[in-house]
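Peer 1: Residue numbers (this note's numbering), protein chains in the order written: chain A, 9 to 437; chain B, 6 to 333. Using N, Cα and C, we set each Cβ at its ideal position, and we do this for glycine too. These figures come from a predicted structure and were not determined experimentally. Dropping the structure in here first, questions after.
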């Protein structure tokens with residue numbers, strides 16, 4: 009019996025040693041590491057060179073898709089870390105201009121090396137190699153215009169659904185941002201845990217989100233309409249839905265930022281003054297195509313015409329034989345699907361987080377209000393203007409405050425032209 | 006499962022710090038939304054400017070505590086006027102969008118690196134509450150009885166906060182019985198009818214916005230003093246939404262609705278948190294881990310808000326005839 013106990017203890021001890029040893033070996037004793045972020049987005053493909061204090065090369069690494077880099081270090085001591093500025097994306101520079109750091113590595117600890125990135129031209133020292141100031145300015149303006157279009161198209165996709173739902177049901181849907189997140193996370197679910205490529209995953213996610221949009225109206229909002237829930241009550245209900253969905257995402261998805269398995273690290277290609285990644289160009293193409301198709305569908309098809317009629321005047325549309333409930337259901341389905349597409353595009357160009365849609369919501373509202381609440385084409389125009397405005401304003405405004413400008417514009421529009429650009433003049437006060 | 010701790014934290018939540026500052030914010034919302042029918046979704050901004058007004062005056066400018074309180078109150082009034090001028094003529098849904106946008110502007114400015122020297126960026130400001138605790142009349146020690154026991158600091162904050170709540174409720178009660186209150190409630194019912202009687206609706210709405218903002222902003226002070234710090238993200242849109250949930254839970258357009266609502270809201274949140282944490286720790290809920298408990302309670306808040314509005318829009322104590330929300 010005693011022998012058995014000793015043998016068992018020895019076995020357990022051996023097991024612990026076995027388990028512990030490889031885990032220990034895999035961890036580097038100490039390392040230098042860091043994360044490169046630009047305006048909250050990871051920056052990948054930037055070369056970092058680590059040398060010893062006397063200049064002996066240790067290792068060269070490039071930052072990965074999450075913007076992180078790490079160099080294992082054998083001996084504690086002082087090191088030199090140099091960021092190769094030529095590998096930084098065009099529009100970025102190191103804050104303060106100094107691209108070298110001299111950290112000290114202590115035994116057994118990773119040491120974090122900080123390179124703060126700013127937009128180029130923001131501080132004078134950062135862009136010494138950039139010839140004349142005005143040409144750099146215009147190059148940046150062109151780049152930001154491109155990025156503004158990119159953002160504007162995403163907002164437009166999301167805004168279209170919000171605006172049509174508002175137009176047909178009078179509901180200001182505060183949960184629309186969560187529909188955007190839903191699409192992005194559904195695509196992630198199919199893409200990463202199930203391992204399907206992002207393109208079919210996106211298609212599946214859009215279809216699923218459309219189905220969920222349908223179900224939402226069929227089983228929830230439709231029921232509330234039948235009960236005669238007023239628009240203010242419905243608005244507060246939508247806040248409840250938003251909270252519910254947001255925290256559901258947090259529970260299921262976690263609070264970390266993630267990215268899709270494909271297309272998260274792409275080198276930019278130069279088109280004139282603009283540097284763009286192929287995925288950006290392709291997603292902008294998809295967004296434009298979808299917007300044009302929806303636009304044509306609204307203008308030319310029977311259902312589209314009926315939808316616009318309902319948005320214009322539900323009672324009149326109903327009395328002229330249009331099945332209003334059916335139209336609303338179609339709009340919820342379509343609105344859910346294109347909001348999901350917006351989420352996937354946003355996830356491709358930025359990162360996935362459970363708050364991504366929530367952060368977009370006010371910009372969607374800004375776009376919709378600017379264009380005219382309830383009008384489909386107003387939402388498009390307004391959203392693209394908002395996207396452009398946000399990005400181009402970073403020429404003068406610090407990037408973290410770029411949304412402030414857009415929200416201020418939202419308030420100003422309501423002051424001076426409350427019906428928006430394409431809206432009909434009506435009582436809003 | 007540790008029933009002692011669950012019970013004592015739950016009982017404490019009924020009168021605790023979270024409850025009082027949310028109750029004050031909700032009293033403000035009750036004036037806006039419950040009585041006047043203004044859908045102000047920017048209440049968190051009032052709390053933020055008050056908290057930051059105090060914090061910045063004391064830490065950055067080095068002025069005494071009472072001046073900080075004055076600056077905070079003035080900031081709330083100023084914000085109400087700035088917010089009201091463009092928005093009070095708008096229809097309810099537009100008003101909601103604009104006020105939520107304004108609150109986000111305030112939050113983004115407070116957390117920006119650009120103004121870090123003044124507002125402290127996303128870390129916020131701390132170290133401004135000394136003036137408040139210097140006048141603490143409670144000597145050091147523990148007060149109350151199990152499960153309600155507080156140290157002298159908590160005791161002082163809570164005494165002040167409950168006194169403020171009592172005064173606010175009294176103000177609301179007296180005002181809403183007065184002719185002024187009747188005009189305010191009439192605006193909620195039918196703005197045009199009030200206008201046709203020769204009342205200046207805009208001016209009344211503005212007064213309501215200022216009053217609700219100032220009473221709500223007291224919550225910002227209490228939060229700042231109780232925790233000894235202010236952070237921008239505490240004053241996000243969700244704070245406003247939770248305060249709305251509290252108003253609707255307690256019953257809109259009822260004097261004690263927001264107070265009772267806040268108590269129940271936090272008792273439920275803390276109770277659910279305690280029960281779930283205990284259940285997860287003792288392995289009763291194998292599909293959940295401990296980090297999911299926090300979000301799960303807020304998921305329940307969302308669900309609760311939906312169910313309340315659908316099945317009982319008047320809340321616990323509300324009167325269905327006195328509802329700004331035309332829910333049936």
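Confirm, please, whether the CB-CB distance from residue 130/B to residue 238/B is below 9 Å.
Peer 2: Numbered from its first residue, the second chain carries residue 238/B at position 233. Numbered from its first residue, the second chain carries residue 130/B at position 125. No.
Peer 1: Which residues in the same chain have their Cβ closer than 7 Å to the Cβ of residue 296/B, if we skip the five residues on either side of it in sequence?
Peer 2: Position 291 of the second chain holds residue 296/B. Here the set comprises nothing.
Peer 1: Look at the Cβ atom of residue 270/A, then the Cβ atom of residue 206/A, and state whether they are nearer than 9 Å.
Peer 2: For the purposes of this step, residue 270/A is taken as residue 262 along the first chain, with counting starting at 1. For the purposes of this step, residue 206/A is taken as residue 198 along the first chain, with counting starting at 1. With respect to the 9 Å criterion, residue 270/A and residue 206/A are classified as neighbours on the basis of their beta carbons.
Peer 1: Would you give the residue range spanned by the beta strand (DSSP E) that residue 263/B belongs to?
Peer 2: Counting from one through the second chain, the residue named residue 263/B turns up at place 258. That residue, residue 263/B, is in no beta strand (DSSP E); its alpha helix (DSSP H) goes 262-286.
Peer 1: Answer with buried or exposed for residue 142/A, where buried requires no fewer than 16 other C-beta atoms within 10 angstroms of its C-beta.
Peer 2: Taking the first chain and counting its residues from 1, one reaches residue 142/A at position 134. By the 10 Å Cβ count, residue 142/A comes out exposed.
Peer 1: For residue 325/B, does the three-state DSSP call read helix, strand or coil?
Peer 2: In the second chain, residue 325/B corresponds to position 320, counting from 1. Three-state result, residue 325/B: coil.
Peer 1: CA-CA distance, residue 202/A and residue 350/A?
Peer 2: What you label residue 202/A is simply residue 194 of the first chain in a count that begins at 1. What you label residue 350/A is simply residue 342 of the first chain in a count that begins at 1. Whole-angstrom Cα-Cα distance: 22 Å.
Peer 1: Cβ of residue 216/A within 9 Å of Cβ of residue 348/A?
Peer 2: What you label residue 216/A is simply residue 208 of the first chain in a count that begins at 1. What you label residue 348/A is simply residue 340 of the first chain in a count that begins at 1. It is a contact, given that the beta carbons lie within the stated cut-off.
Peer 1: Taking the alpha helix (DSSP H) that residue 107/A falls in, what are its first and last residues?
Peer 2: The residue you call residue 107/A lines up with position 99 of the first chain. Here residue 107/A belongs to no alpha helix (DSSP H), and DSSP marks it neither H nor E.
Peer 1: By DSSP's criteria, residue 235/B is part of a beta bridge. Which residues make up the other side?
Peer 2: Here residue 235/B corresponds to residue number 230 of the second chain, with the count starting at 1. Partner residues in the beta bridge of residue 235/B, as assigned by DSSP, are 130/B.
Peer 1: Can you say whether residue 181/B is buried or exposed, counting buried as having 16 or more other CB atoms within 10 angstroms of its CB?
Peer 2: Working through the second chain from its first residue, we reach residue 181/B at position 176. With 16 or more Cβ atoms within 10 Å of its Cβ, residue 181/B is classed as buried.
Peer 1: What residues in its chain sit with their C-beta under 8 Å from that of residue 281/B, if we drop five residues either side in the sequence?
Peer 2: Locating residue 281/B in the second chain gives position 276, where the first residue counts as 1. Correct list, in chain order: 290, 293, 298, 301, 302.
Peer 1: Which residues in chain A sit within 8 Å of residue 101/B, going by Cβ to Cβ distance?
Peer 2: If you number the second chain from 1, residue 101/B lands on position 96. Going along chain A in sequence order, the residues near residue 101/B (Cβ under 8 Å) are 180, 243.
Peer 1: Is there a Cβ from chain A that is less than 9 Å from the Cβ of residue 171/B?
Peer 2: Translated into positions along the second chain, residue 171/B becomes position 166. Against chain A, the CB of residue 171/B has no partner CB under 9 Å away; the residue lies outside that interface.
Peer 1: How many Å lie between residue 255/A and residue 187/A at the Cα?
Peer 2: Looking up residue 255/A in the first chain gives position 247. Looking up residue 187/A in the first chain gives position 179. Going by the C-alpha atoms only, they are around 13 Å apart.
Peer 1: Using DSSP with H/G/I as helix, E/B as strand and the rest coil, what is residue 210/B?
Peer 2: Here residue 210/B refers to the residue found at position 205 of the second chain. Helix at residue 210/B.
Peer 1: In whole angstroms, what separates the C-alpha of residue 153/A from that of residue 378/A?
Peer 2: Within the first chain, residue 153/A is the residue found at index 145, counting from 1. Within the first chain, residue 378/A is the residue found at index 370, counting from 1. If you take the alpha carbons of residue 153/A and residue 378/A, they lie about 19 Å apart.
Peer 1: Assuming residue 66/A is part of the beta strand (DSSP E), what are its boundary residues?
Peer 2: Here residue 66/A is taken as the residue at index 58 of the first chain, counted from 1. Looking at the DSSP string, the run of the beta strand (DSSP E) that includes residue 66/A is 65-70.
Peer 1: Who are the Cβ neighbours of residue 172/A in its own chain at under 7 Å, not counting the five residues just before and after it?
Peer 2: On the first chain, residue 172/A is found 164 positions in, with the first residue counted as 1. Excluding sequence neighbours, residue 172/A sits near 315, 319, 339, 343, 384.
Peer 1: Check residue 427/A in the structure and name its three-state DSSP category.
Peer 2: Working through the first chain from its first residue, we reach residue 427/A at position 419. Residue 427/A falls in the coil class under three-state DSSP.
Peer 1: Go ahead and label residue 316/B buried or exposed: buried means 16 or more other beta carbons lie within 10 angstroms of its beta carbon, across all protein chains shown.
Peer 2: Here residue 316/B corresponds to residue number 311 of the second chain, with the count starting at 1. Counting Cβ neighbours within 10 Å, residue 316/B comes out exposed, since fewer than 16 surround it.
Peer 1: Skipping 5 residues on each side, what residues in its chain have a beta carbon closer than 6 Å to that of residue 145/B?
Peer 2: Mapped onto the second chain, residue 145/B falls at position 140. Same-chain partners within the cutoff: 157.
Peer 1: According to DSSP, is residue 8/B helix, strand or coil?
Peer 2: Locating residue 8/B in the second chain gives position 3, where the first residue counts as 1. It is helical.
Peer 1: Measuring straight from C-alpha to C-alpha, what distance separates residue 226/B and residue 53/B?
Peer 2: Here residue 226/B is taken as the residue at index 221 of the second chain, counted from 1. Here residue 53/B is taken as the residue at index 48 of the second chain, counted from 1. The straight-line gap from Cα to Cα measures roughly 9 Å.
Peer 1: Taking beta-carbon pairs under 8 Å, can you tell me which members of the stretch 201-230 of chain B lie near chain A?
Peer 2: none
Peer 1: In whole angstroms, what is the alpha-carbon distance linking residue 140/B and residue 160/B?
Peer 2: On the second chain, residue 140/B is found 135 positions in, with the first residue counted as 1. On the second chain, residue 160/B is found 155 positions in, with the first residue counted as 1. C-alpha separation (whole angstroms): 13 Å.
Peer 1: Would residue 190/A count as contacting chain B if we go by Cβ distances under 9 Å?
Peer 2: Within the first chain, numbered from 1, the residue matching residue 190/A stands at position 182. It does not: the Cβ of residue 190/A has no partner Cβ on chain B nearer than 9 Å.
Peer 1: Of the choices 324/A, 346/A, 227/A, 311/A, whose alpha-carbon is the least far from that of residue 212/A?
Peer 2: Against the first chain, residue 212/A aligns to sequence position 204. Considering only alpha carbons, the answer is 346/A.
Peer 1: At a Cβ threshold of 9 Å, is residue 117/B touching chain A?
Peer 2: Taking the second chain and counting its residues from 1, the one referred to as residue 117/B is at position 112. Output row for residue 117/B: interface = yes.
Peer 1: So, under 8 Å CB-CB, residue 313/B and residue 254/B are touching, yes? Tell me the CB distance rounded to an integer number of Å.
Peer 2: Locating residue 313/B in the second chain gives position 308, where the first residue counts as 1. Locating residue 254/B in the second chain gives position 249, where the first residue counts as 1. Residue 313/B to residue 254/B, Cβ: 6 Å. Contact.
Peer 1: Quick one: Cα of residue 89/A to Cα of residue 83/A, how far?
Peer 2: Locating residue 89/A in the first chain gives position 81, where the first residue counts as 1. Locating residue 83/A in the first chain gives position 75, where the first residue counts as 1. The alpha-carbon atoms of residue 89/A and residue 83/A are separated by roughly 15 Å.
Peer 1: Mark residue 209/A as exposed unless 16 or more other C-beta atoms lie within 10 angstroms of its C-beta, in which case mark it buried.
Peer 2: By 1-based counting over the first chain, the position of residue 209/A is 201. So residue 209/A counts as buried.
Peer 1: Just to confirm, are residue 177/B and residue 36/B a CB contact at a threshold of 9 Å?
Peer 2: Residue 177/B sits at position 172 when you count from the first residue of the second chain. Residue 36/B sits at position 31 when you count from the first residue of the second chain. Yes; because the gap between Cβ atoms is below 9 Å, this pair is in contact.
Peer 1: Within the 9 Å Cβ cut-off, does residue 426/A reach chain B?
Peer 2: Taking the first chain and counting its residues from 1, the one referred to as residue 426/A is at position 418. True, the Cβ-Cβ gap to chain B drops below 9 Å.
Peer 1: Please list, in chain order, the residues of the stretch 144-155 of chain A that have any C-beta partner in chain B closer than 8 Å.
Peer 2: none
Peer 1: Would you call the stretch 367-381 of chain A and the stretch 158-170 of chain A touching, i.e. three or more CB-CB distances under 8 Å?
Peer 2: yes
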